[in-house]
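Here's the structure we're looking at; comments come further down.
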Amino acid sequence: RPVIEDHMFLFEPGMTVEREFFVENEGTCDVYYRLYFDKVEGRLADVLDVTVKDGQTVLFSGKASELTKNEAAADTDPLRTGERRDLTMVFHYPEAAGNSTQGEWLSFELIADATQTRNNPDMIFE
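Here our numbering is used: the first residue of the sequence shown is 1275, the next is one more, and so on.
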């Protein structure tokens, strides 16, 4: 399911939207996971602040354009086989951005990668 869908919100300065989603390990091994945006398009990518949280733990905080494969939201706490982790993604349109980017848009694909924990103490994603 999408975390946020086209035309779901019309963002304006000062607006904050929180969306809950989850990752689940349906595999046979414990894994480390990371989340990032791919195919990011639109002027709001450099305007909207995005925070990804696991409960009170912040996995990522920055501009939407910065949540990349190289700067992914990653949890050092392994996701065990059969475990589901409930997460929150917060989108914030800063007041300071003003009205100059109102009416602009953002499009992205949210990617979840996983890699085995076994024999991988450095959390290497290949």
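Backbone N, C-alpha and C define an ideal beta-carbon position, used for all residues, glycine too.
Skipping 5 residues on each side, what residues in its chain have a beta carbon closer than 6 Å to that of residue i?
i	result
Arg1317	Thr1375 and Glu1378
Ser1381	Glu1315 and Gly1316
Arg1293	Val1277, Ile1278 and Met1363
Ala1348	Arg1308
Phe1285	Tyr1367
Val1291	Phe1283 and Phe1365
Glu1369	Pro1287 and Gly1288
Thr1299	It is Asn, not Thr, that sits at residue 1299 in the sequence shown. The answer, listed in chain order, is Val1305, Leu1353, Thr1355 and Glu1357.
Given a cut-off of 7 Å on the beta-carbon distance, is the pair residue i and residue j in contact?
i	j	result
Leu1361	Asp1328	yes
Glu1359	Val1297	The displayed chain sequence assigns Arg, not Glu, to residue 1359. Taking 7 Å as the Cβ cut-off, Arg1359 and Val1297 qualify as a contacting pair.
Thr1389	Phe1399	yes
Thr1342	Tyr1310	yes
Ala1386	Pro1287	no
Quick check on the burial criterion: 16 or more other C-beta atoms within 10 angstroms. Buried or exposed for residue i?
i	result
Phe1283	exposed
Val1326	buried
Val1324	buried
Val1415	The displayed coordinates of the chain run from 1275 to 1400. Any statement about residue 1415 would go beyond what the structure contains.
Within the same chain, show all residues whose beta-carbon is closer than 7 Å to that of residue i, passing over the 5 residues directly before and after it, in chain order.
i	result
Ser1339	Val1314, Ala1319 and Asp1320
Beta-carbon within less than 8 Å of residue i's beta-carbon, same chain only, minus the 5 sequence neighbours each way: which residues are those?
i	result
Glu1383	Phe1311, Asp1312 and Lys1313
Cys1303	Thr1355, Gln1390, Thr1391 and Arg1392
Lys1337	Ala1319, Asp1320, Val1321, Leu1322, Asp1323 and Val1324
Is the shortest distance between the beta-carbon of residue i and the beta-carbons of chain B less than 7 Å?
i	result
Leu1361	The chain labelled as chain B is not found in the depicted structure, where only one protein chain is given.
Next item on the list: Note down, one range per segment and in chain order, each beta strand (DSSP E) of at least 3 residues found wholly within the region 1294-1354.
Entry: 1305-1315, 1323-1328, 1331-1337 and 1347-1353
Next item on the list: Could you name each continuous alpha helix (DSSP H) segment of 4 residues or more that falls completely within the region 1365-1399, going from the start of the chain to the end?
Entry: none
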